[in-house]
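Q: Counted the way my numbering counts, the sequence shown spans residues 347 to 429.
My questions all concern the structure below.
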Amino acid sequence: MFYILHGPEEFERSREVARLRAQLAAGDQAMAQLNTTVLDGKNLTLGELRHACDTVPFMYDRRLVVVHGLLGWLAPTKRGKGA
């Protein structure tokens, strides 16, 4: 499953991520932590993102990958203006 949480309300986005984490941890908190990856979208490479998403869950049925600021990373750059 793939979710994009976007909008001006940081609190609402954080609350939804917390809900997803709690849902993942419903079985076992330790396994949920092992199967959660949090990435910074500002410094993220496509290879790192792909690796995190392609990683098989460890002794669990699912994984959670959270990327903060990904849509900013995908935004077009202003190349060519004044360069």
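Virtual Cβ for every residue (Gly too), placed ideally from N, Cα, C.
In the DSSP assignment, what are the bridge partners of Leu-430?
A: The structure shown does not extend to residue 430, since the chain is modelled only from 347 through 429, so no value can be given for it.
Q: Does the distance from the C-beta atom of Ala-398 to that of Thr-382 stay below 8 Å?
A: Here the question's residue 398 lines up with position 52 in the sequence shown. Here the question's residue 382 lines up with position 36 in the sequence shown. No; because the gap between Cβ atoms is not below 8 Å, this pair is not in contact.
Q: Which residues in the same chain have their Cβ closer than 7 Å to the Cβ of Met-377, if we skip the five residues on either side of it in sequence?
A: Against the sequence shown, residue 377 aligns to sequence position 31. The answer, listed in chain order, is Met-405, Tyr-406.
Q: Under a three-way DSSP split, which group does Val-402 fall into?
A: Locating residue 402 in the sequence shown gives position 56, counting from the first residue. Coil at Val-402, not helix or strand.
Q: Can you look up Leu-390 in the DSSP assignment and give me helix, strand or coil?
A: Within the sequence shown, the letter at position 44 stands for residue 390. It is coil, neither helix nor strand.
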